[in-house]
Amino acid sequence: MDLILLAVLACFLVGSNTEMDERDLDERKLNYDLFFKNGYNSLIRPVVNTSDSLQISFSLALSAIINVDEKNQVIITNVWLQMYWNDYQLVWEPKNYGNITQIKIDNKHIWVPDVVLFNNADGNFEPSYSPNCVLEYNGNVKFIPPAIYTSSCTIDVEYFPFDQQECEMKFGSWTFEGKTLNYKFQDGNNNLDLSDYMKNGAWDIIDCPGSIEYIRDSITQEFKEIVVFKLVIRRKTLFYTVNLIIPCFLHALVCLCVFVLPADGSEKITLVISVLVIITFFSFQLLQILPPSMTIPLIAKYFIFTFIMNVLEILVTVLIIFANHKTPRTDIMPKWMCWLFLYKLPKYLFMERPNHDQRWQEKNCTPPPSYPNTPQVPRANIFLRNLAAENKLKKKHGVLNTDSRENERVIAWRQKFSKSHSPGASGVTVSSSASGSHLSSDADNPTMEMREFVPPNFPTNGHRCMLRDSGTSQSEESLDGGRSLDLARPVAHAGPRSSPLILTKEIYSASNAIKFICRQMRNKEDYHTVLDDWKYVAAVLDRLLMVIFILVSLGGTLGVLINAPHILETVDQDQILNKIRSRVNTG
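Under mature numbering (1 follows the signal peptide of the UniProt record, and there is no 0), residues -18 to -1, 1 to 569 are what the sequence shown spells out, in order.
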């Protein structure tokens, strides 16, 4: 049994080797007959008559878009050239050669069209790898060399990164002119073959039509045909939107926060300058990507707009800080500025200043009318009120006593004072009455009228005091002298209505000192009020400019980005590829 199996296996192996030997012999014979017996010349164009045109069917299969270099304006693609033609010298009868219908021949042994890429950018006009040619019994030759081409492509960066580019690949014969070669598309399909295309992460294919064009040879001045494939691609904007546009927009918004920071510190200038440096950095990054161009890219326009806005923010920030540090000693606020920034604009900017309307009315409106029974007691007269109360206590404890002589002198003095009193006097006379106290002054008589200093219900009881220096004589105590009053002796009742309160010179000096202190305090308060007004002007400027810059920034951003023609369009790459493939199959 084993011997039988070995015999069958030996017969099979012998038969197989015999069949392989016979096929190898047939193929060798075919090669000999085609290339040596008939005297085939691979340098001669395979046409019967030299005036005839050789028709070449051409097609291009795109495998991948490797890179689009905007800086150098080139596109790198992985393609397969597909060329078909008929060589009348390479025809045989299959039955004479063991039914061989096709053979693979080294492309160096047969004529191959010298098709090159005209717009190459790296000097490699031909495919780097030349495969074998497939030769059929009817003379049809198929040559499909793969290639990685670096072709020039004019990059239009006007709408970068929302741009769409059109890159061409021009193929034609390098040596044959005129009508010696005639091109047509394989199977009538004038599109790129995308059956084996691998999708790119940065670009979407929109269309890839092909056409046959005529160009004039610069040497022979003859027209010849070339095959042009146009590759329409659109950039995927996600990468540049996330890494350039959104950060720049956010930094522009952060820069608007400068109008919220207080003007007293240095953080305002620090913030805007920091954002300016960041935007400058993004601009330099953009320069590394884009090529020099006659047009300004869309994103460059946005960066320029943001840069200008940032510079303007620096200028207005300096203006705001300058206004914030103004003082009454250096600048006077104009009336129009006071009206505009302290009264008008805050209402429209939703800013409310505590007690501002009341202070505005006090400065610009007439004071309310005074009533006769309402004493006007300023803050500076509290001390004199207390002084009157202290005199009351002294009288109660017997410090002030009555004296008829002094009463007569006081009555005479009051009569004389009532005749010579005028509102512009500068002296100090203190008189008490049922209606209150009255203050007047005279250049010759230092008397004070205490209407504002003594409360209306202050008890008078006819008491009076006379101002006198400790070293004055009796003659200086006369009421006509006016500059010395005596408090030495008690005062009798002068009447039921009123009696003067005569103050000493020390108290008069103290009252002048108090008035001086009050003036200084009032001046200091007014000084700080003006300082607060300037600070409020700076705050109003901050709010006003913040609103303006927000509106301008949003308007400028939308105005720049909406100009992009494809910003709102979405690309379904699978749908486009299926559409192009269906055209190829039905072509």
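Don't be surprised by glycine CBs; every beta carbon is placed ideally from N, CA and C.
Check	Outcome
The stretch 63 to 83 touching the stretch 29 to 43, judged by at least three CB pairs closer than 8 Å	yes
Counterpart residues of A129 in DSSP-defined beta bridges	V61
L176 versus E204, E159, L213 and G160, residue with shortest Cα-Cα distance	L213
Distance between V73 and F18 (C-alpha atoms, nearest Å)	14 Å
Three-state secondary structure assigned by DSSP to L331	coil
Uninterrupted beta strand (DSSP E) stretches inside the stretch 24 to 90 (no shorter than 3 residues)	36 to 51, 56 to 68 and 84 to 87
E295 - containing beta strand (DSSP E), residue span	From DSSP, E295 is part of no beta strand (DSSP E) but of the alpha helix (DSSP H) over L280 to N306.
Where the alpha helix (DSSP H) through N505 begins and ends	K487 to I544
Environment of G192 [buried if 16+ CB atoms lie within 10 Å]	buried
Contacts around A103, its chain only, beta-carbon distance under 7 Å, and the 5 residues preceding and following it disregarded	V56, T132, S133 and S134
Reference I532, options L543, S275, I296 and M291, closest by Cα	M291
Reference V50; option with closest CA among S33, K152 and G183	G183
Delimiting residues of the alpha helix (DSSP H) encompassing I228	I228 to L238
Under 7 Å between C-beta atoms of P76 and S155	no
Residue interval of the alpha helix (DSSP H) (run including S256)	E249 to L269
Anticipated Cβ contact below 8 Å, A305 with W516, distance rounded	6 Å
Whole-angstrom distance between P274 and K86, CA atom to CA atom	49 Å
Buried or exposed (CB count within 10 angstroms, at least 16 for buried), T356	Model confidence at T356 stands at a pLDDT of 40, short of 50, so the residue's coordinates are unreliable and nothing is read from them.
Supposed close pair R522, P310 - CB separation, criterion 8 Å	Note that residue 522 is Val in the sequence shown, not Arg. The Cβ separation is near 19 Å, so there is no contact.
Those residues which DSSP pairs with I208 across a bridge	E195
Simplified DSSP state of Y165, which is helix, strand or coil	strand
Buried/exposed call for L16, threshold 16 Cβ in 10 Å	buried
Where R217 falls, given that 16 or more other Cβ within 10 Å makes a residue buried	buried
Residue interval of the beta strand (DSSP E) (run including residue 625)	Any answer about residue 625 is impossible in this case: the structure gives the chain only from -18 up to 569.
Residues sharing a beta bridge with M180, DSSP	A46
Inter-residue spacing [alpha-carbon to alpha-carbon] between S455 and K497	Bear in mind that a pLDDT of 40 at S455, under 50, signals an unreliable position, so the number given afterwards is only what the model happens to contain. Looking at the two C-alpha atoms, the distance is approximately 29 Å.
Three-state class that DSSP yields for T552 in the structure shown	coil
Every unbroken beta strand (DSSP E) within the stretch 106 to 155, with a cutoff of 3 residues, ordered by chain	115 to 118, 122 to 125, 128 to 134 and 146 to 155
Cα-Cα separation between I261 and T277, rounded to whole angstroms	21 Å
Nearest candidate by alpha-carbon position, reference E159, set Y222, E207, E148 and F142	E207
Buried versus exposed, by CB contacts within 10 Å (16 or more), L232	exposed
Length of the line joining the Cα atoms of C320 and G541	36 Å
Contacting residues, own chain, Cβ-Cβ under 8 Å from L253 (five flanking each side not counted)	V236, C237, C239, V240 and L243
Under the three-state DSSP convention, the category L12 falls into	helix
Neighbourhood of N122 by C-beta, 7 Å cutoff - its chain only, sequence neighbours within 5 removed	Y66 and N68
Boundaries (first-last residue) of the beta strand (DSSP E) holding L99	V97 to L99
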